[in-house]
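Enquirer: Numbering (the working numbering), first residue to last: 241 to 377.
A virtual CB, placed ideally from N, CA and C, is assigned to each residue, including glycine.
Sharing a structure, written as structure tokens. Questions coming.
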Amino acid sequence: MAAVEQLLRSESDGTISFGNHKLTQKAKLEDFKHAGDLYKVKTYATMTKLEKNGMFLYESVPGTSVLNFHEMPEGIECTIEGSEDAQITIGLNDDTEYEVFVKNESIGRMKTGLGGKLNLSVELAGAGEVSVKVIQA
Numbered sequence: 241m242a243a244v245e246q247l248l249r250s251e252s253d254g255t256i257s258f259g260n261h262k263l264t265q266k267a268k269l270e271d272f273k274h275a276g277d278l279y280k281v282k283t284y285a286t287m288t289k290l291e292k293n294g295m296f297l298y299e300s301v302p303g304t305s306v307l308n309f310h311e312m313p314e315g316i317e318c319t320i321e322g323s324e325d326a327q328i329t330i331g332l333n334d335d336t337e338y339e340v341f342v343k344n345e346s347i348g349r350m351k352t353g354l355g356g357k358l359n360l361s362v363e364l365a366g367a368g369e370v371s372v373k374v375i376q377a
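Rendered as structure tokens:
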């Protein structure tokens, strides 16, 4: 799998792909239209951040490339690629419990606070790509 060269793109299945963890300098793309929403991405080797309609949606440290990001009423699913292990923060519903799956295996339940942010670590070093799914419990 390769980094997303366009920084942010719509996929034929209705999902989006974004981020480029291989960039050495910051890059951003604003006002990207997809399914009636406006997206903004900032990305490079040390950070990737995605906003939807001005609201936080995804952030990783260090930077990642995210493929087939699918946002659903009950959560999200995507495939993440990076050069090193990453700390991921996802914007979800406030004060809600979610079950988190990495590589199709449950890593447990986590609850968001009032800000609706869920934090998880993903082991990417040497793994290539890793599937992540977060579903409301």
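Are the beta-carbon atoms of histidine 261 and alanine 285 separated by less than 8 Å?
Expert: Counting from one through the sequence shown, the residue named residue 261 turns up at place 21. Counting from one through the sequence shown, the residue named residue 285 turns up at place 45. In this structure, alanine 285 lies closer than 8 Å to histidine 261 by Cβ.
Enquirer: Taking the C-alpha atoms as reference points, what is the distance between leucine 360 and lysine 343?
Expert: Here residue 360 refers to the residue found at position 120 when the sequence shown is read from its first residue. Here residue 343 refers to the residue found at position 103 when the sequence shown is read from its first residue. One C-alpha to the other measures close to 13 Å.
Enquirer: Return no unless some Cβ of chain C is closer than 8 Å to the Cβ of lysine 262.
Expert: No chain C appears in this structure, which consists of one protein chain only.
Enquirer: Look at the Cβ atom of threonine 319, then the Cβ atom of leucine 332, and state whether they are nearer than 8 Å.
Expert: Here the question's residue 319 lines up with position 79 in the sequence shown. Here the question's residue 332 lines up with position 92 in the sequence shown. Not a contact, by the Cβ cut-off of 8 Å.
Enquirer: Which of helix, strand or coil does DSSP assign to lysine 266?
Expert: In the sequence shown, residue 266 corresponds to position 26, counting from 1. It is coil, neither helix nor strand.
Enquirer: Of the residues Lys280, Leu307, Met350, Met287, which one's Cα is nearest the Cα of methionine 295?
Expert: Within the sequence shown, the letter at position 55 stands for residue 295. Here the closest residue by C-alpha is Lys280.
Enquirer: CB alanine 377 to CB glutamate 339, shorter than 8 Å?
Expert: Mapped onto the sequence shown, residue 377 falls at position 137. Mapped onto the sequence shown, residue 339 falls at position 99. A contact, by the Cβ cut-off of 8 Å.
Enquirer: Leaving out the 5 sequence neighbours to the left and right, which residues in its chain are closer than 7 Å to isoleucine 375 when beta-carbon positions are compared?
Expert: Here residue 375 refers to the residue found at position 135 of the sequence shown. Within the same chain, isoleucine 375 has close Cβ partners Glu314, Gly315, Tyr338, Glu339.
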